[in-house]
Structures are given as C-alpha cells and as structure tokens.
Ligand code: DX5
Ligand code: ZN
C-alpha cells in the first residue's frame, strides 16, 4: 500500500518567520516539508538555498522534500546532502533538454541518481507540463528513482492555476507502476485534489492552498484524506 503524503511548499510561508511556519504546518498534520530551490536560470525566479535548509534542520527532524529547479543539478548534490535534505528531486529537462533523448535512459541521469543515493538522499525526477510521462519510464524500470514529480503548473512560482492536461500523465504512470510514489505539485488545493488523487497521485505538494488558508489543519487533512492509497 502506498502512503498518502501531504507536503506543504514553504515557498508560500512567511520567510521572516520560517521555523515557526514549519512547526505550525507539521503540528497541523503535514508529513513532509517541500522546499523549492530555484537558481534564476532553469526558472525565472530565485528562492532559497543550502544555508536555509541547514538552519531549518536545527528546528525539526521532518523530511525535507527538496525540489531543485536548477540548470545544474549535479553540482548541488553534495551540499544538499550535507545540510540535511531528505529527498533530492531534479528536473529531467535540466540534464536532457532534447526530447530526442527521452526514449532511453541517459547515462548522465543514471549517474546523478546514484550520486544522490550515495549522499544519503531519496531520488526524485520531475517533469514539466509539456514533457511526456514516457521520458520517466527508463529510470523507473532501472530502479533509479524513489519518486516521480509530475508538475501540474509550469515551475517557477507559487499560486498559479492548475493545468488539468497534466492529469493523464499520472493516470498512465499509475497504471503501469502500482507501487510508484507519484507526487504532484502546482495549484493543488481542495478543489483540484480529487482529480489528481483519482488519477493515482499519493503525494501532494501545496503552497498557497495551505499557507494561505485560515484553517491550515483542515486543508491538510482534507488533502490527506483524498489522496490515492
Ligand atoms: C512551483 C513550485 C511549487 C509551488 C507550489 O514552481 O514547485 O512547489 O510552491 O505552489 P502552489 O501550491 O501555490 O501552486
Ligand atoms: Zn515544488
């Protein structure tokens, strides 16, 4: 049986009060903390980096689900491992931007997956809304990944509108891989969770829907109850 997991994206938290915000959502039932790392190149935004993860680690033992929206994910594995990241999810497009290379396993991607595990973290591979789910298949079959992340918005910013066309990718992956951890990220809220859960997603990231809610606990439990098991 798969575990349903709710991972609030701290991108929508009050950064001036981050430790308290993290504690609050964890107390409210959050399973993981989703940490969005952006380098201003892979996406047009700058967020947080290793020093923040290191400081947060002193406040909690929670699972830090780090989502790297960076051009060179190979470069940051060691440092994120050492500051206390639990999961390291990179974008396939950052390593293999050419769709022609998405039909078979790329040596660079496989090596990166191995390196992430070597540094004590779980491996996640993410794809953007226009990347086909088939691009992930070689790595799942090779046993390289612990989780896939299907972006349900274009990566870069919190608070965007959910893209329904991405849901069919979750359906296809779930059909083929009943035991795979499938995470969705972007525009996940009480009004969109049902369709992704039904499609087979067992891990939900939500930023604005949780941090912007009056009752965060209620939103977290609603998302968790709805997720695929
Ligand atoms: C977007 C990030 C998301 C973002 C989600 O690039 O990967 O994690 O914070 O925010 P919401 O839930 O507000 O769409
Ligand atoms: Zn994210």
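In full-length UniProt numbering, the protein residues as written are 3 to 231. Each residue gets a CB set at the ideal place from its N, CA and C atoms; glycine is no exception.
Any idea if residue i is buried or exposed, counting beta-carbon neighbours within 10 angstroms, 16 or more meaning buried?
| i | result |
| --- | --- |
| residue 82 | buried |
| residue 84 | exposed |
| residue 216 | exposed |
| residue 176 | buried |
| residue 66 | buried |
| residue 154 | buried |
| residue 194 | buried |
| residue 95 | buried |
| residue 204 | buried |
| residue 100 | exposed |
| residue 106 | exposed |
| residue 92 | buried |
| residue 132 | exposed |
| residue 187 | buried |
| residue 87 | buried |
| residue 14 | buried |
| residue 264 | With the chain covering 3 to 231 only, the question about residue 264 has no answer from this structure. |
| residue 225 | buried |
| residue 110 | exposed |
Going by C-alpha distance, which of the options is nearest residue i?
| i | options | result |
| --- | --- | --- |
| residue 206 | 217, 189 and 218 | 189 |
| residue 102 | 137, 191 and 141 | 137 |
| residue 159 | 38, 165, 124 and 53 | 38 |
| residue 60 | 20, 97 and 79 | 20 |
| residue 126 | 152, 10 and 53 | 152 |
| residue 184 | 157, 212, 45 and 129 | 129 |
| residue 52 | 46, 8 and 41 | 41 |
| residue 46 | 156, 34 and 178 | 156 |
| residue 44 | 33, 74, 34 and 55 | 74 |
| residue 120 | 168, 146 and 98 | 146 |
| residue 223 | 4, 10 and 181 | 10 |
| residue 80 | 50, 118, 49 and 88 | 118 |
| residue 196 | 228, 133, 143 and 29 | 228 |
| residue 89 | 70, 97 and 104 | 70 |
| residue 62 | 139, 25 and 108 | 25 |
| residue 211 | 3, 148, 27 and 22 | 27 |
Within the structure, which residues are defined as neighbours of the ligand ZN by a Cβ-heavy atom distance below 6 Å, reported in chain order? Chain-ordered list of matching residues: 11, 36, 38, 69, 187 and 207.
Quick one: which unbroken beta strand (DSSP E) runs of 3-plus residues sit fully inside the region 120 to 175? Chain order, please. Listed in chain order, the beta strand (DSSP E) elements of length 3 or more contained wholly in the region 120 to 175 are 124 to 129 and 149 to 153.
Runs of 3 residues minimum, wholly inside the region 182 to 210: which ones carry the beta strand (DSSP E) assignment? The region 182 to 210 contains these whole beta strand (DSSP E) runs: 184 to 187 and 205 to 208.
Threshold first: 3 residues or longer. Then list the beta strand (DSSP E) segments lying entirely within the region 13 to 81, N to C. List check, beta strand (DSSP E) in window: 34 to 40 and 65 to 71.
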